[in-house]
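Notes follow the structure.
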Amino acid sequence: MYREMVEEGVEERNVEAELAMRKIKTKSNSGVAVVSLLTKPFACPGRCTYCPTDVSMPKSYLAKEPAAARALLNDFDPYMQITNRLKALEMNGHPIDKIEMIVIGGTWSFYHPAYQEEFLIGCYQACNDHGTGEDSRTEPYADRLEYLRELQDRNERARCRIIGLSIETRPDYITEYEIKRLRMLGVTKVEVGVQHLDDAVLKLVKRDMTNARIKRATEMLRNAGFKVVYHMMPDLPGSTKERDISMFDDLFSGEEYQPDMLKIYPCMVLENSELYDTWKEGGYTPYSDEELIEVMREEKKRIPPYVRVLRVYRDIPADYIKAGSKISNLRQVMDEDMKKNGWRCRCIRCREIREAKVRPEDFSLSDISYRTKSGIEMFLSYENQERSQLASFIRLRLPDDHGEHAIFPVLRGAALIRELHTYGRHTPIKDGGTQGQHVGFGRRLLAEAERIAKEYGYETMAVISGIGVREYYRKNGYRLEGTYMIKNL
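If you use numbering that gives the first Met the number 0, the sequence shown closes out at 488, no skipped numbers anywhere.
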């Protein structure tokens, strides 16, 4: 009713009223609207003992999980999954012009290329059509990839722009060919199932890969500009509390790993998994809730300020869990533990400004540098004096060889911007900002990154831009070359 009144000119737009009416504010207070959707059930190349099999779902997913239930309701049709999700977000009062799309379900790289292309065609069609009254599903096309590129071009100016696209895969499926293909499809973030860093544990749970593949995949993805998410699984068979905690020391103390984001999924015993049989026979005992909280506390303490913890618990309904923790609000429990025991998690998610009002003069430029195997990573951010609030950040990569051996010719001689993100209430693209977004943090970080890259002797800057953010970079002097936004320095 409020929207109709504004549209008819009866009522003036009132941002505070909109915020008061917005439901589940966390859905967009990280600056974007997140849309998750599932691929169809397909075979999986893995045989992991902890992974359940539900014939109606992609491997490792269960029909009553929220995103899975939505997918099943829409018969896994990407167009309908997205359309209905956008309607729900909009009806709950969320802006939907900046979409972070997360494709989940099985191992993306194992799916047939034709299915991958058709699936993403449906994704782009849904975002391009939403709110226009059009239905591009009836459009004829002769070549899937050409049509996909056409849809991506339209999305640069669409009402619902895909500003980031992520997929899930295994580290051992990351090859040069796969990286080229992911970029062609518009992927900007890759979630890799790492689970554990100990080869003995990986072997015991039949992960069928080694730690060496994790290291190699991570550096390959980073050198192509991708944001890298690790899925980590404490409490696996063969591990211990001490080993799980030291694993997080290993993640961030050297040059081998250094993921940008984490999803932490404590191991659960689920029916229709090999681990369920092992547990019934007495061959596996999961942590108690107290032990899990102790491990999570020590792990979170070890997470540096340039890493975002996306999840600390898998959203699986309790009736599926036969053994293992059922604390579904584990993040809230950890927040309470921080207050009670006087410690603080420094990860990005714990410090982002969310709904806080921002005075730009209260935030100053901060920088953190760390090395990986083949380059320097710089995390530049605008934070308050206490470093307890983070408003905006940029990830700048300076390859050791100036990209001389980069997979893509356009990246040779280039520094890389792997991520630029401003937090705060999701503000529509056309609106000005009085909160975190649209107050100039992003432009200043971009200029600082360019200055540093030039100082280090790089000829160009390359951005792994989401399709829907290309216009922003064009306004800042960038042009599209291949699948990257490029600027001469």
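Backbone N, C-alpha and C define an ideal beta-carbon position, used for all residues, glycine too.
With 16 other Cβ atoms within 10 Å as the buried cut-off, status of residue i
i      : result
Leu72  : exposed
Glu3   : exposed
Val34  : buried
Arg358 : exposed
Arg417 : buried
Met0   : exposed
Ala317 : exposed
Gly476 : exposed
Gln331 : exposed
Glu470 : exposed
Ala405 : buried
Gly435 : Its pLDDT being 46, under 50, Gly435 is placed unreliably in this model, and the value from its coordinates should be taken loosely. It is buried - the Cβ of Gly435 has at least 16 other Cβ atoms within 10 Å.
Asp53  : buried
Ser324 : buried
Glu133 : exposed
Tyr286 : buried
Ser108 : buried
Ser464 : buried
Lys486 : buried
Distance CB(residue i)-CB(residue j) smaller than 8 Å
i      : j      : result
Leu389 : Tyr483 : no
Cys266 : Tyr49  : yes
Ala87  : Asn127 : no
Thr38  : Val102 : yes
Arg348 : Arg307 : yes
Arg160 : Gly467 : yes
Glu354 : Gly412 : no
Tyr275 : Lys205 : no
Met219 : Ile178 : yes
Phe41  : Pro77  : no
Ser165 : Val186 : yes
Arg491 : Gly92  : Because the chain here runs from 0 to 488, residue 491 falls outside it and cannot be looked at.
Tyr256 : Lys214 : yes
Thr82  : His111 : no
Lys243 : Asp249 : Here residue 243 is Asp; the residue named in the question, Lys, does not match the sequence. In this structure, Asp249 does not lie closer than 8 Å to Asp243 by Cβ.
Met295 : Tyr264 : no
Arg442 : Ser387 : no
Gly163 : Thr421 : no
Secondary structure of residue i, DSSP reduced to three states
i      : result
Lys205 : coil
Leu196 : coil
Asn487 : strand
Lys39  : coil
Ser108 : helix
Arg156 : coil
Tyr229 : strand
Ser165 : strand
Thr174 : coil
Arg478 : strand
Glu89  : helix
Thr499 : The first residue shown for the chain is 0 and the last is 488, placing residue 499 beyond what the model contains.
Ile95  : coil
Ile120 : helix
Ala446 : helix
Val189 : strand
Lys453 : helix
Ser48  : It is worth fixing the name first, because residue 48 is Thr in this sequence and not Ser. Coil, per DSSP.
Ala216 : helix
Met56  : coil
Ala16  : helix
Val321 : Correcting the residue type first, residue 321 is Lys in the shown sequence and not Val. Strand at Lys321.
Ala32  : strand
Ile103 : strand
Distance between beta carbons of residue j and residue i, contact taken as under 8 Å
i      : j      : result
Lys188 : His230 : In fact, because the Cβ distance is near 13 Å, the residues do not count as touching under 8 Å.
Pro51  : Asn271 : 5 Å
Gln124 : Arg136 : 6 Å
Pro170 : Arg212 : 5 Å
Ile375 : Ser368 : 6 Å
Leu419 : Ile393 : 5 Å
Gly105 : Pro57  : 4 Å
> Which whole runs of the beta strand (DSSP E) in the stretch 350-414 are 3 residues long or more, in chain order?
Replying inline: 363-371, 374-382, 389-398
>> Restricting to runs no shorter than 3 residues, where is the beta strand (DSSP E) found entirely within the stretch 59-83?
In response: none
> If you scan the stretch 254-318 from start to end, which runs of the beta strand (DSSP E) of 3 or more residues do you find wholly inside it?
Replying inline: 260-263, 307-310
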